[in-house]
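Comments concern the structure below.
In our numbering, the protein residues as written are 8 to 379.
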């Protein structure tokens, strides 16, 4: 693979490690606000969501996220009725990861111009996302900031951000603190690319491969743009059922940017071995082939077919799987937690291991993958 022709996420302007480094000053001041109110955050910055302890029996989970440059594809395709689902999903799925039940979401919509038809289409997506998540949307903000936005279509640039809240008992907050070697990982299927890695996908498909949003190619069952706009999967109904049944969930991870590296966010000092992959949607092979990307880059950037992970003891895996299936979600036991003081993630079907915030060929790293 010629390095002159292949792309990397860093090379298209998304420098995740640099962003992490730039957050230190921001985090310094933000964490100092923790003392301003009696409802103190229970978790450090950087987890999927945080939890405020309102009373001894009530915690408020809170998370905020946007849809990113997927919105540029919506502009090019002139299709706006699904990205609201993405906004809800990116937030509600994160709320689940601390063991909370999503309750409500408010949105911020920044637009070049407040076109009634356009906003109505956006609202349809928010409605459908709220329905699927079982939450309400009690308010939000539409800001007309023409000078600040530049998009794929003149006059139609916009951005979407949501903030979701949920409830959880303060003593039942999950951050993976009880994960032990031998616990298993149930992977639940994604619907496709979801809402991460679009800067790289657009550069590969539209700039490098010369495709258009309306173009059909043999590998996909719909146009390229339609495939990219498939909404982010929501996992609320099945996870809430797992919580309601009192299953001993050890950890949950929303697999977004950084892919399976999200497993390392658990509090317990363990590593993970992914020894089985779910069916990988065709869009990923299209991106990989057209962009001449190696497996390490693909698994660093994308979910690669797994949108959500649930970690449980082996005895509970069958019930987790049955609940997910009952809600129409393909799933499988895809791996296990392993004793590893360096908290690495192995992807054995592709012979990859995590190292310094990315994946590298496992043969270049030691020691070998730990056994189950």
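Note that the Cβ used here is the ideal one computed from N, Cα and C, for glycine as well.
Hey, residue i and residue j are a contact pair by Cβ (cut 8 Å); roughly how many whole angstroms apart?
i           : j           : result
residue 160 : residue 82  : 5 Å
residue 91  : residue 166 : That belief does not hold up - the Cβ atoms of residue 91 and residue 166 are roughly 13 Å apart, past 8 Å.
residue 97  : residue 239 : 6 Å
residue 108 : residue 247 : 6 Å
residue 274 : residue 182 : 5 Å
residue 283 : residue 342 : 7 Å
residue 147 : residue 116 : 7 Å
residue 335 : residue 197 : So it is not a contact: roughly 13 Å between Cβ atoms.
Measuring straight from C-alpha to C-alpha, what distance separates residue i and residue j?
i           : j           : result
residue 118 : residue 175 : 34 Å
residue 195 : residue 103 : 14 Å
residue 298 : residue 212 : 8 Å
residue 234 : residue 69  : 30 Å
residue 111 : residue 170 : 8 Å
residue 56  : residue 71  : 8 Å
residue 163 : residue 232 : 17 Å
residue 259 : residue 280 : 16 Å
residue 314 : residue 100 : 10 Å
residue 130 : residue 77  : 17 Å
residue 137 : residue 149 : 18 Å
residue 285 : residue 306 : 13 Å
residue 210 : residue 125 : 26 Å
residue 355 : residue 191 : 15 Å
residue 380 : residue 357 : Since the first and last residues shown for the chain are 8 and 379, residue 380 lies out of range.
residue 39  : residue 53  : 15 Å
residue 303 : residue 36  : 35 Å
residue 9   : residue 339 : With a pLDDT of 36 at residue 9, under the threshold of 50, the modelled position of this residue cannot be trusted; read the value that follows with caution. Those two C-alpha atoms are separated by around 36 Å.
Taking the alpha-carbon of residue i as reference, which of the options has the nearest alpha-carbon?
i           : options               : result
residue 414 : 356, 199, 107 and 187 : Nothing can be reported for residue 414, as the shown portion of the chain is limited to 8 through 379.
residue 220 : 377, 84 and 162       : 84
residue 263 : 276, 241 and 246      : 241
residue 61  : 31, 35 and 48         : 48
residue 328 : 87, 99, 245 and 365   : 245
residue 75  : 357, 144 and 208      : 208
residue 86  : 326, 230, 337 and 278 : 230
residue 350 : 268, 30 and 296       : 268
residue 51  : 34, 64 and 305        : 34
residue 250 : 105, 54 and 42        : 105
residue 168 : 311, 113 and 362      : 113
residue 300 : 135, 338, 224 and 204 : 204
residue 66  : 134, 330, 180 and 43  : 180
Would you kindly check if the distance between the Cβ of residue j and the Cβ of residue i is under 8 Å?
i           : j           : result
residue 177 : residue 58  : yes
residue 202 : residue 93  : yes
residue 236 : residue 80  : yes
residue 173 : residue 288 : no
residue 345 : residue 277 : yes
residue 226 : residue 293 : yes
residue 266 : residue 309 : yes
residue 140 : residue 95  : yes
residue 376 : residue 193 : no
residue 128 : residue 88  : yes
residue 189 : residue 326 : no
residue 4   : residue 184 : Because the chain is modelled from 8 through 379, residue 4 falls outside the range shown and cannot be assessed.
Return yes when the C-beta of residue i is under 7 Å from any heavy atom of the ligand FAD, and no when it is not.
i           : result
residue 283 : Among the components of this structure there are no ligands whatsoever, and the ligand FAD is therefore not found.
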